[in-house]
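Protein chains in written order, with my numbering: chain A, 3 to 190; chain B, 3 to 448.
Ideal Cβ placement from N, Cα and C applies to all residues, glycine included.
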Amino acid sequence: MLDEKEIIEGCCRHDRKAQKALYEKYASILLGICIRYSGRRDEAEDILQDGLIKVYFKIKDFTGKGSFTNWMKKIMVNTAITHYHKNLKHHYHQDIDDVREMDIEGSLFDTADFTREELFGIIKELPQGYRMVFNLYAVEGYKHKEIATLLKIDVNTSKSQYSRARSMIRKKLNSLKKIAEKVDGQER
Amino acid sequence: MDRNDRNIEDLFRTLFDQFAVNPTPGLWNKIQAKISWKQFLSFGLNFFNVYYLALIVALAGAGTYLMLNRPIPQGITENIEIIPSSQAIQPEPTHDQVISRQGQIAAVEKAPGSIEPASVKNVGTKPASRAASRTYVSDDKTLPKKILANQEQGPETTGTPEAKVASSETASGAEPETIRVRIDFKANPQSGCSPLAVNFQNFSENATGTSWNFGDGGNSDETNPSYVFDEPGEFLVTLKFIGEDGVEYSRQQTIQVYQTPKALFEFDEDLKPAKNQPINFYNYSRGGDYYEWDFGDKQRSGSQEPIHFYKETGNYHVKLKVWTDHQCYDSMVVFNAFTTQEQNIKVPNAFTPNLNGPTGGYYDVNDYKNTVFHPVTNGELVEFQLKVFNRKGVLLFESNDISIGWDGYYSEQLVKQDVYIWKVRGKFINGKTFVESGDVTLIKQN
């Protein structure tokens, strides 16, 4: 197994072996990112393909400063955004302006209470635009201003979509928690 | 709080940090294929590209092959003369011809199914030492090769120029082989109004590499293309191809596209048709030569900008038809021209209050002194409310009566010259509600 440095050097030479090693080492984690943005596996794999092609052909631009994984993650996020723009018209757009309730109670959660798969399930069910904003803001840590530029939306749209996404997620997390507590109670 | 409690952002960030999903097996092969394709398309000097080498070798091979199999090019150019078929060579059945036929058969057997220049050459050279000369025999005036078939651009027919290419012998004039290349096409229609869609029907025979140039920058390589000419003008359409005899043929035809006019008119909308009430119609049409107005009361006019007198009030559909000398036309209709005005409310954006003291806000609709700020409506209101605020949001004036507006005074004092915000809401008699807001400038003027 090649290490990261060898992989990068090999990919700079367009060495097929190094490219494959890169794929084997990082594909699953990168696909994790793609699927978080797209919510659908087939589309996520398309994004992964496009993103990896970019990685392979732009690898010379990677300066070596910072983490290689983060560099690739950033490329995946950008590719996911490109896909989002391209496929905007294909997605069923669900308008949930009526989600207005702001339940303050229960906005703190324990990491141990949830699995990744549960969280992904929640993310997956978000409307496309909310999912993009939530991922970018909460997970990737972008600012609303940056998100607005990336997604070509207004800053306020980004903020309001984020807060709606957040309240939807909170609601779902709470209901998950309640189910879990019920199950626990029955066991006791 | 001793539990590992965190907010949603932290929760997702922590759990998704190492969120991994295994890709479908076989995805790597797809990516590999994409990389190969992209590498092939992007030429880089820094790495050795096998595909380009292969391409170069293939091209070189193909080039060599073509060079070797081509008939000597000089032979063709020198022998391109136009000889009317009758006087050129008298075809007589000779012994040579019989031999050459055999030769042809032999050649065909060698290269079955293909009538290539190579076989022509074979045929030509086999019986005795005859130069493989070519004579183009033309049925009519059409001359192949560089002599554009420019004639006959009449609208009726494009004619049927045909060119026979015969590999003939100088001595006997026998024709061992004939490739009939025909260039002909028909456009339908050949003229019309823009945008004009034209179907081209290609009657050419034994053609390869057909290309069309539509004369307005458009191209096609279809055999029977359809093309839309957007702009008016005269366009020279060229059909070009290489005949199976290796000669380039071309033929042209003109397509005439006439300008389509645009009908547009306005009229005094605020007038009600009545007896002795002249109504002006303003004609803004473009590109028209003739006009026909239909005023909706069975009266017509052919003048460009008519003034019409309706006999009575009513519901009229006004129609204007515009056409040109080439019978291109356009029309515009305004239905219910004078009756179905939308009920609306309009609010002015400036007023000049009376400086001598408050007036109470009463106003006369026909008074144009503009000392009172008030909305104007053409409908009947059942509900109305007008509010005026200053920049700080203080409510300066409120009225629930359309006939009372703001005179510019607040607690008996004239407010300063400034921009004020208004909000107006209400309901028309037909049930339509409105809420509008905007600003108005108060101007102090003597």
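Report the partner residues of residue i according to the DSSP bridge assignment.
i	result
D441/B	I423/B
G235/B	V259/B
R172/A	DSSP lists no partner for R172/A.
G194/B	V259/B
N449/B	Residue 449/B lies beyond the residue range present for chain B, which begins at 3 and ends at 448; the question has no answer from this structure.
K321/B	D296/B, V335/B
N215/B	N221/B, T240/B
E382/B	None; E382/B has no bridge partner.
A209/B	G245/B
S228/B	N201/B
W408/B	F375/B
E8/A	E8/A is not bridged to any residue.
G428/B	F386/B, F436/B
Q254/B	T240/B
K264/B	R288/B
A189/B	F202/B
If you compare alpha carbons, which of the options is closest to residue i?
i	options	result
E142/A	R38/A, Q51/A, F59/A	R38/A
A276/B	G407/B, Y312/B, I244/B	Y312/B
V183/B	F216/B, T210/B, P191/B, G381/B	T210/B
K76/A	L32/A, Q51/A, E45/A, D44/A	L32/A
Y28/A	F21/B, N31/B, Q345/B	F21/B
A265/B	D332/B, I33/B, V200/B	D332/B
Y260/B	N392/B, Y364/B, G289/B, I33/B	G289/B
G298/B	D291/B, E307/B, G316/B	G316/B
N89/A	R42/A, S69/A, T71/A	R42/A
P350/B	W325/B, Y370/B, V59/B	Y370/B
E11/B	S69/A, K67/A, K60/A, R172/A	R172/A
K434/B	F386/B, K321/B, Y292/B	F386/B
L241/B	D218/B, T212/B, G248/B	T212/B
K321/B	N338/B, A199/B, K32/B, Q192/B	N338/B
W30/B	C36/A, S162/A, A23/A	A23/A
Q345/B	L383/B, V426/B, S252/B	L383/B
L121/A	S193/B, F18/B, K348/B	F18/B
List the residues of chain A whose Cβ lies closer than 8 Å to the Cβ of residue i, in chain order.
i	result
P25/B	A29, S30, L33, E47, L50
L29/B	A29, E47, L50, Q51
Going along chain B in order, which residues have a C-beta closer than 9 Å to the C-beta of residue i?
i	result
F116/A	L13, L17
Answer with buried or exposed for residue i, where buried requires no fewer than 16 other C-beta atoms within 10 angstroms of its C-beta.
i	result
N285/B	buried
A113/B	Residue placement at A113/B is poorly supported in this model, since its pLDDT is 42, which falls under 50; the coordinates still yield a value, given next. Per the 10 Å Cβ criterion, exposed.
L444/B	buried
V417/B	buried
V396/B	exposed
N124/B	With a pLDDT of 43 at N124/B, under the threshold of 50, the predicted position of this residue should be treated as unreliable, though the coordinate-derived value follows. Counting Cβ neighbours within 10 Å, N124/B comes out buried, since at least 16 surround it.
G248/B	buried
L153/A	buried
R393/B	exposed
T79/B	With a pLDDT of only 44 at T79/B, under 50, the local geometry of the prediction cannot be trusted, and no value is derived from it.
E45/A	buried
Y58/A	buried
E127/A	exposed
F353/B	buried
V437/B	exposed
R166/A	buried
N137/A	buried
L13/B	buried
Would you mind telling me which residues of chain B sit closer than 8 Å to residue i, beta carbon to beta carbon, in chain order?
i	result
R168/A	I10
T172/A	Strictly speaking, residue 172/A in this sequence is Arg, with Thr absent from that position. Those within 8 Å of R172/A in chain B are I10.
R38/A	F18, F21
In chain B, which residues lie less than 7 Å from residue i when you measure between Cβ atoms?
i	result
F59/A	K40
Under 8 Å Cβ-Cβ, which residues of chain D neighbour residue i?
i	result
L121/A	Absent from the structure is chain D; the protein chains it does hold are A and B.
Using a C-beta to C-beta distance shorter than 9 Å, which residues of chain A count as neighbours of residue i?
i	result
K32/B	E47, Q51
I37/B	H16, R18, Q21, L54, I55, Y58, F59
**OP:** Would you list, in chain order, the members of the stretch 129–157 of chain A that have their beta-carbon closer than 7 Å to a beta-carbon of chain B?
**Re:** A140, V141
Subject >> Selection of the stretch 5–28 of chain A by Cβ proximity to chain B, strictly under 9 Å >> reply: R15, H16, R18, Q21, K22, Y25, E26
Subject >> Near-chain B residues of the stretch 52–84 of chain A - C-beta to any C-beta below 8 Å >> reply: L54, I55, Y58, F59
Original post:
Which residues, in order along the stretch 262–282 of chain B, keep a beta-carbon less than 9 Å from a beta-carbon of chain A?
Top reply: none
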